[in-house]
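K.L.:
Under the working numbering, the first residue of the sequence shown is numbered 6, with each subsequent residue one higher. The structure is given below, and queries will be raised subsequently.
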Amino acid sequence: MTIGAEPALAPRSGPAKQRLISIPFLLLRGASTAGLMAAALIQIYVFARVMNAEQFSIFILVGTVGYSLWLCDLGAVKFLFVRLRAAHLSGDRDPLLGKQAMSVVLLYALLALVGALACFFVVGFFRTVSAHEATEFSLFFLFTALNLAWYALRNISIAIDDYVYFESIEALRRFASIGVMLAMLGGLPVLLFLVAVNLLWGLCFCIAIVRMRGKIALRADLRGTLEILRRFYRDNRADLIRSGTSSTSDFYIETMPYLVVPVMFGLGVPTVILDTVFKFVRGANLYYHAICELVVPRQTSALAERDARTLIRATLLAVALTTLPTLIVSAGLIFAAETFFRLLLGPVATMPSEVVWVIVALLFATQVQVVAHSLLIHSGFFREAARAMALTAIAVTLVPAANLIGAPSIVGFLSFYAAAFACGAVLQVLFAIRGPVQAARGT
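Right, dumping it as structure tokens:
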């Protein structure tokens, strides 16, 4: 059952439901997201000074492959969120849901570990590298891939209104990781950095799982885990196909440039430029998602109550909270891009001045896309989200051909990509208005 199809959520009572957002959650999520965005830029700064351009680009590609594990999700996390949120709002403590949630988290953690092991052997097979270097690549893969299991835990915490505790853990992990990363500038070996940040992951997983077991959002009884997963995917096949189409398209849209640019323009500088642009976009994307998560509890309860006014107010609040930082970052890039990128990239690469406008366009398009897509997904409108994302994926697929019509360049490629992505963002808005907004109005 989806929230968009019929009122799957029961209205909550009490004064808390009158708040559009939780202020503690806002502060903690803001700190965590600021840490993540800082970590992305600091990673570029540090890697650009402890590696050459080719080594840096290989780490970028390994991280992209680690990120590709998100394909295995098939939208299951968001679908599970809808079910857990409905159960939480109605006061239903279904033990099967807790077992399904635990099974999904463990499955994603296992996939990350298996993927890291495979990375060790694949890198060694295709490139002449030492066991030391292969270990570094596999640990970096693990560091990136574990985000999928953490993403599942974050959504579970939001579904049961325990997001403040979760974000406290996340904020501490982020800033601890930044500290270890900066230590590489003082001589800490890359291998030790990777060991330390993966140990931090392990500690945070243990703390979060113990907490959610206490909240009965996760069940520790692992008997029949494979059967539980099989039933989960079988019983919810139709909705998972829709949400899977959406998440797979989203993944393809984000990673397609990483597959095309090294082929069209080579490793080294072009790949570093691409990754720097997408570090900005992904950092903003995570901030936008963080803001949207602040209003998700109110949006979902407003939809269940058929309170269109509150749903629209909550969504407009997300728009307002994402617009001001976007304007500030865009202005900073426009007026100080040359100095900033020279400091950030150092001797590894020079950022073309035209790319600044591409980043600005992508920031605003991403803002629109995330706010609309978040409303669709968390409201259970998987079909509409899937259609919008699939059409956007088709548009970005045409980007390499469009770039080849003129003189191919990394700037031209990124410009065409930004235009295609912006068209997809407009589609998301149209589907959001026709979907959850109209449903909240009872039309």
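Think of the CB as a built atom: it goes at the ideal place given N, C-alpha and C, for glycine as much as any other residue. These figures come from a predicted structure and were not determined experimentally.
What residues in its chain sit with their C-beta under 7 Å from that of asparagine 241, if we drop five residues either side in the sequence?
P.N.:
Excluding sequence neighbours, asparagine 241 sits near Phe84.
K.L.:
Counting only the same chain and skipping the five closest in sequence on each side, list residues whose C-beta sits under 8 Å from that of leucine 122.
P.N.:
For leucine 122, where only same-chain residues beyond five positions count, the Cβ hits under 8 Å are Ser143.
K.L.:
State the DSSP-derived secondary structure class of glycine 273, mapped to helix, strand or coil.
P.N.:
If DSSP states are grouped into helix, strand and coil, glycine 273 belongs with coil.
K.L.:
Tell me the DSSP secondary structure of aspartate 255 in three-state form.
P.N.:
Looking at aspartate 255 - three-state DSSP - the assignment turns out to be helix.
K.L.:
Take leucine 299 as the anchor and find which of Ala444, Thr371, Val169, Val363 has the nearest alpha-carbon.
P.N.:
Comparing Cα-Cα distances from leucine 299 to each of Ala444, Thr371, Val169, Val363, the minimum goes to Val169.
K.L.:
Could you give the distance in angstroms between the alpha-carbon of cysteine 428 and the alpha-carbon of alanine 407?
P.N.:
Cysteine 428 and alanine 407: Cα-Cα distance of roughly 15 Å.
K.L.:
Got a sec, what are the start and stop residues for the alpha helix (DSSP H) isoleucine 163 sits in?
P.N.:
Per DSSP, isoleucine 163 belongs to the alpha helix (DSSP H) from 152 to 164.
K.L.:
Is it right to say proline 100 is buried, meaning 16 or more other beta carbons lie within 10 angstroms of its own, or is it exposed?
P.N.:
Result: exposed.
K.L.:
Buried or exposed: where does histidine 93 fall if 16 or more other Cβ atoms within 10 Å of its Cβ makes it buried?
P.N.:
It counts as buried.
K.L.:
Kindly indicate which residue of Arg235, Gln60, Leu32 has the alpha-carbon position closest to the one of valine 353.
P.N.:
Answer by Cα proximity: Gln60.
K.L.:
Between the C-alpha atoms of glutamate 310 and isoleucine 317, what's the straight-line distance to the nearest angstrom?
P.N.:
Between glutamate 310 and isoleucine 317, the C-alpha separation is close to 13 Å.
K.L.:
What does a CB cutoff of less than 8 Å around arginine 439 pick up in its chain, not counting 5 residues either side in sequence?
P.N.:
So the list reads Glu389, once near-sequence residues are dropped.
K.L.:
Check whether the Cβ atoms of tyrosine 50 and leucine 329 sit closer than 8 Å, and answer yes or no.
P.N.:
Taking 8 Å as the Cβ cut-off, tyrosine 50 and leucine 329 do not qualify as a contacting pair.
K.L.:
In this structure, how does DSSP classify glutamate 343 when only helix, strand and coil are distinguished?
P.N.:
In the structure shown, glutamate 343 sits in a helix (DSSP, three-state: H, G or I).
K.L.:
Given that a residue counts as buried once 16 or more other Cβ atoms are within 10 Å of its Cβ, and exposed if not, what is glutamine 304?
P.N.:
So glutamine 304 ends up on the buried side.
K.L.:
Output needed for valine 365: all residues of its chain with C-beta closer than 6 Å, excluding positions within five of it in sequence on either side, in chain order.
P.N.:
Cβ neighbours of valine 365 beyond the five flanking positions: Ser335.
K.L.:
Cβ atoms of alanine 106 and leucine 89: under 8 Å apart, would you say?
P.N.:
Closer than 8 Å, so yes.
K.L.:
With H, G and I counted as helix, E and B as strand and the rest as coil, what does DSSP make of serine 384?
P.N.:
Coil at serine 384, not helix or strand.
K.L.:
Quick one: Cα of alanine 15 to Cα of serine 379, how far?
P.N.:
At alanine 15, the pLDDT of 43 sits below 50, so the modelled position is not reliable and the matter cannot be decided from this model.
K.L.:
So, for threonine 140: in the same chain, excluding its five sequence neighbours on each side, which residues have a beta-carbon less than 7 Å away from its beta-carbon?
P.N.:
Excluding sequence neighbours, threonine 140 sits near Phe125, Leu196.
K.L.:
Could you check which residue in Arg54, Val109, Leu367 has the C-alpha nearest to that of leucine 190?
P.N.:
Per the Cα distances, Arg54.
K.L.:
Once DSSP output is grouped into helix, strand and coil, what is the label at alanine 445?
P.N.:
The answer is helix: DSSP assigns alanine 445 an H, G or I state.
K.L.:
Count the C-beta pairs between the stretch 157 to 177 and the stretch 209 to 217 that are closer than 8 Å, then say yes if the count reaches three, no if not.
P.N.:
Because the criterion of three Cβ pairs below 8 Å is met, the stretch 157 to 177 and the stretch 209 to 217 touch.
K.L.:
Buried or exposed, going by whether 16 or more other CB atoms sit within 10 Å of the CB of proline 413?
P.N.:
By the 10 Å Cβ count, proline 413 comes out exposed.
K.L.:
Does the beta-carbon distance from phenylalanine 146 to glycine 71 come in below 8 Å?
P.N.:
For phenylalanine 146 and glycine 71, yes; Cβs fall inside 8 Å.
K.L.:
For the alpha helix (DSSP H) holding glycine 183, just list the boundary residues, first then last.
P.N.:
Glycine is not the amino acid found at residue 183; the sequence shown has isoleucine there. Element bounds for isoleucine 183: 168 to 187.
K.L.:
Less than 8 Å between the CB atoms is what I'm expecting for valine 401 and isoleucine 278, so what's the real figure, rounded?
P.N.:
With a Cβ gap of about 18 Å, valine 401 and isoleucine 278 do not count as contacting.
K.L.:
Using only alpha-carbon positions, find the residue among Pro262, Leu381, Cys297, Tyr292 that is nearest to threonine 473.
P.N.:
Any answer about residue 473 is impossible in this case: the structure gives the chain only from 6 up to 448.
K.L.:
Does the beta-carbon distance from threonine 149 to glycine 68 come in below 8 Å?
P.N.:
Yes, these two residues count as a Cβ contact at 8 Å.
K.L.:
Exposed or buried, which one is asparagine 160 when buried takes at least 16 other CB atoms within 10 Å?
P.N.:
Buried: at least 16 other Cβ atoms inside 10 Å.
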